[in-house]
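Throughout, our numbering is defined as the position within the sequence shown, counted from one, plus 1400. Take a look at the structure below.
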Amino acid sequence: MVCFNINQVYAWRPNFEKTNLTRWVKQNYIIKLRNSWYSFPEYLETPNIQHFISNKIYSPSYISLHSALAFYGIIPEAIVRTTAVSSLKKMSFENAFGSFSYQQILPELMFGSEQKIFLNKHSLIFATPEKAILDLLYLYPQYTTEQEIRDLRFDEEFMQEDLNLERLNEFTERFQSKILRKRVNTLLKIYDLC
């Protein structure tokens, strides 16, 4: 078990004393992730652990925005904060595994994600590359002009060879946003895709 919550503990041991968790955190036997969520120190160096924890501690959510774009190699920057999208309110957490930021999106826009296998048996939920791009352009109004979108420095090879234009356009229509459509058209123009 990579991480667990207090409800899982009570299901295992109904008479469990919650004060044990506080004591175990102080003794570094476990790590507090957020209220009622915990993990173990041996997972601190596990690759992509921050993505798994992000999915678990605030649900429903999926990895998107800058974190997904970096994961897919679409943007060159190293990402310090794990960014995700949720239908719940905007939220952020900090713990020993890193910083976690969740942007709120309408429930009907919680589509375009896929599962990836983690540690051979767990799932990570990521936006598809196309949905990560759309989430970014939709949730961050500063990406409006051609220069601002160019400054994102999307990988040319990905944009020319791997971007699924059909999926991008289909997903864009599902947003039903003229502003987003305009931003996507600007993006397509920059990379000679229209």
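Glycine included, each C-beta is placed from N, C-alpha and C at the ideal position. Note that the coordinates shown come from a computational prediction; the quantities given were computed from them, not determined experimentally.
- Message: Let me confirm a value: Gln1408 is counted as buried when at least 16 other C-beta atoms fall within 10 Å, else exposed. Which label applies?
- Response: exposed
- Between which two residues does the beta strand (DSSP E) carrying Lys1432 extend? Ile1431 to Arg1434
- In the DSSP assignment, find the unbroken alpha helix (DSSP H) run with Thr1483 in it and report its ends. Per DSSP, Thr1483 belongs to no alpha helix (DSSP H); it is in the beta strand (DSSP E), Arg1481 to Ser1486.
- Query: Helix, strand or coil: which one does DSSP assign to Glu1477?
  - Reply: coil
- Query: From His1522 to Gln1450, what does the alpha carbon distance come to, in whole angstroms?
  - Reply: 13 Å
- Task: Alpha carbon to alpha carbon, how far is Asn1435 from Thr1422? Give it in angstroms, no decimals.
- Result: 11 Å
- Quick one: what's Lys1498 bridged to in DSSP? First, the amino acid is wrong: residue 1498 is Gly here, not Lys. Its beta-bridge partners are Asn1495.
- Item | Min CB distance Phe1554 to chain C below 9 Å | The structure shown contains no chain C; it holds only a single protein chain.
- Between Leu1536 and Leu1469, is the Cβ-Cβ spacing less than 9 Å? yes
- Quick one: what does DSSP say Ile1505 is sitting in, helix, strand or coil? coil
- When the Cα of Leu1506 is compared with those of Cys1403, Tyr1538 and Arg1583, which residue comes out closest? Tyr1538
- For the candidate residues Lys1432, Leu1587 and Thr1545, whose alpha-carbon lies nearest to that of Leu1565? Leu1587
- Task: Give every residue of the same chain whose Cβ lies closer than 8 Å to the Cβ of Gln1542, excluding the five residues on either side of it in the sequence, and list them in chain order.
- Result: Glu1548
- Item | Proximity below 9 Å, CB of Leu1433 to CB of Asn1520 | no
- Are the Cβ atoms of Val1485 and Tyr1472 separated by less than 9 Å? no
- Message: On a Cα-Cα basis, can you pick out the residue from Lys1456, Thr1528 and Arg1553 that is closest to Ala1478?
- Response: Arg1553
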